[in-house]
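Numbering (our numbering), first residue to last: 2 to 407. What follows is one structure encoded as C-alpha cells, with my remarks underneath.
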Amino acid sequence: MKNIGIKISLYLNYFVFAILLNSVGIVILKSQRNYGVDEVQASILEAFKDMPIAIVSFFIASFLPRIGYRKSMLIGLGLVTLACISMYFGNSFDNAKILFATVGVSFALIKVSVYSLIGTVTETKKEHNALMSSIEGFFMVGIALAYFLFPAFNNEEDSNSWLNVYWFLAGLSFLSFLFLFFVKFKEPEVSAGANLKDDFMQMFKLMAKLLTVIFVISVFLFVMIEQGILSWLPTFNTKVLHLPENISIMMASILAISLAIGRMIAGIVTKKVNWIWVLSFCIFSAMLIVIFVLPKTVGLEVKNINTLSDIPLIGFAFPLIGLFIAPIYPLLNSIVLSALPKNLQSSMTGLIVIFSALGGTLGSRITGWLFKNEGPENAFYFTLIPMSLLLISFFILKKITAKDEI
C-alpha cells in the first residue's frame, strides 16, 4: 500500500495526543479532589491546553513546510515525553498547567503536520475524506482508551496512584517518536510563500474570504459543544448521577466510543449522501437528545453503584450524543481542505487549529461557569444555543460552496 509507513505514523501520533489532550476532563475532576480547586479554577486547564495550540498554530502553520513535517512531529513527541515525566514528579495543579501547556504546543505541531500530510498522501477528494474521517475516528478511540487507562492506575485509597499513568504515556510517546524517526517517506516540496511575510499573507488572505469566515465560525461552534461535553462529563457523572470516581470516568468513555463510531460511519455514508443532509440530520438528532434524553438522565435515581452494570440503561443514553456530533468536525474540515490547492492547506489547517483551540477553551470555561452558577444538572442544556447556530452555518456554507467560491 502506498505511503503505508507514514499513514501508520499519523494514526499513532494522533492516538497518543488523543489520550493526552482529552485527559483534561479527568485531570479537572482529580484537581478538584486532590488539589483543592473549584470548578471555575479547574476549567483553566482547558485554556492552558488550547491557548498554546492557537498561538503556536498562528505563528508556525503557514511556514511549517519549511521546518519539515517529520521534524515538527518529532519535536512535539519529544516535548510531551518529558512533560509526562515532569507531571509524575511534580504532582501539583501548577504542574498540571505546565503539562497541558506543553501538550498544547506539541499538538499544534502534530495537527498541522497531520492535516497537511493527509493532502499529500491522498489523491482524490474521496480518499481525503475517508482518511480524514478514519484518522479522526481513531483519535476518538484514543479518547475512549483514556477513560479506562486512568482508572486502571487509580486507587481511591492512594490519592497519588493515578500519576503512574504518566510513565505509560511517556513510554507510548517515545515509541511513537522512534517509529516516526525510522519510517521512510518523501517530504513534500516547499511551495509556500517566497518568505515569512508571504506565508502570513496567505493565511490572512484566506481569512478575508466569506467561505473561510463561515467555516471557522462553524469549527469554533462545534468544538465549543464537543469540548464542553467531553471535559465535563466525568464531573457531571459524579455530581449529578453520584457515581464513584472510577465509574464516572469510565462512563465518559461511552461518549468517546460513540464519537469514534460516528466518525467512521460518516466516512462511509458521505460517499453516497450529500454532506449537507448528513450534517443537518446529525445536529438535529443531537438537539433532540439534549431536549428529551438529558432531563431523564438528570432525574435518574441511582443507588449502590459499584460497576457499570449497576447503572440503569437510561444513564447510558446521553453520551450517545457522540454518534451524532461525531461526523461534523472531520466533514467540515475535509470539505474545505480538499477544495484548496495543496500549498494553501497548511495555512487553512492553521486557522482550523486556532479556532478549534479557541472554541475548546471557551466551551470548557463556559461549561465550568455554568456548572458552578447554574448547577451541574442544567449546564448541558445551554449547548442548544451553539447547536442552533451551527445548523444555520451549514446551509450558509452549502450556498457558498455551491458557487465554488474558494
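Even glycine gets a Cβ: it sits at the ideal position worked out from N, Cα and C.
Thinking C-alpha only, which one of the options is nearest residue i?
i    : options                : result
L1   : N275, S249, L21        : The requested residue 1 does not occur in the structure, where the chain is confined to residues 2 to 407.
A257 : F101, I401, A147       : A147
K187 : F381, K8, M388         : K8
A43  : L13, L83, S93          : S93
K72  : D311, G105, I45, S114  : S114
I315 : S365, L363, G300       : G300
V354 : F16, N130, A287, I61   : I61
V184 : G351, H243, M74        : M74
N334 : G69, H129, T123, Y15   : H129
L295 : T236, F381, D159, K240 : F381
E227 : L398, G69, L391, D39   : L391
D39  : F293, N155, F372, F139 : F372
D51  : G69, S24, V104         : V104
Y70  : A267, V291, F182, I250 : F182
I56  : G268, A102, K400, G120 : A102
A240 : E302, I401, A327       : With the sequence shown as reference, residue 240 is identified as Lys, and Ala is not the correct amino acid for it. Among E302, I401, A327, the Cα nearest to that of K240 is on E302.
Below 7 Å between beta carbons: does that hold for residue i and residue j?
i    : j    : result
F108 : I54  : yes
L13  : S177 : yes
S232 : G37  : no
L280 : I329 : yes
G364 : S58  : no
T236 : L110 : no
A97  : V41  : no
F140 : Y15  : yes
In angstroms, rounded to a whole number, what distance separates the CA positions of residue i and residue j?
i    : j    : result
W163 : F216 : 39 Å
I5   : T384 : 39 Å
A403 : P66  : 31 Å
F1   : M388 : What the structure shows of the chain is the stretch from 2 to 407, and residue 1 is not part of that stretch, so it cannot be assessed.
S394 : L338 : 17 Å
L324 : E378 : 22 Å
F221 : F356 : 5 Å
W370 : K272 : 40 Å
I312 : P331 : 32 Å
L118 : K297 : 44 Å
G143 : V106 : 19 Å
G91  : F317 : 36 Å
I230 : I45  : 16 Å
N155 : E47  : 22 Å
V291 : S310 : 24 Å
Y116 : I76  : 17 Å
I401 : N165 : 50 Å
Does the beta-carbon of residue i have 16 or more other beta-carbons within 10 angstroms, so that it is buried, or is it exposed?
i    : result
R264 : buried
W276 : buried
A153 : exposed
R34  : exposed
G376 : exposed
A193 : Model confidence at A193 stands at a pLDDT of 48, short of 50, so the residue's coordinates are unreliable and nothing is read from them.
S32  : buried
F151 : buried
L289 : exposed
F396 : exposed
F293 : exposed
Counting only the same chain and skipping the five closest in sequence on each side, list residues whose C-beta sits under 6 Å from that of residue i.
i    : result
E406 : Interpretation of E406 is limited by its pLDDT of 42, a score under 50 that renders its predicted location unreliable; the figure taken from the coordinates is listed afterwards. These residues qualify, in order along the chain: L212.
Y167 : C85, M88, Y89
N374 : none
M252 : N238
S286 : F325
K112 : V354
L100 : A84, M88
Grab me the residues of residue i's own chain with a C-beta within less than 8 Å of its C-beta, minus the 5 sequence neighbours each way, in chain order.
i    : result
T82  : A171, S174, F175, F178
F180 : I9, S10, L13
E157 : P245, E246, N247
P320 : L234, M252, A253, I255, L256, S259
M225 : G360, G361, L363, G364, I367, P387
D95  : none
Beta-carbon within less than 7 Å of residue i's beta-carbon, same chain only, minus the 5 sequence neighbours each way: which residues are those?
i    : result
A145 : S254, A257, I258, A261
M349 : L207, V337, L338, L341
I218 : S394
V270 : V279
T123 : H129, L132
I306 : L244, P245, I248, I312
N161 : N92
S24  : A147, F151
Relative to the ligand NAP, is the shortest distance from any of its heavy atoms to the C-beta of residue i smaller than 6 Å?
i    : result
A261 : Because no ligand of any kind appears in the structure shown, any question about the ligand NAP cannot be addressed here.
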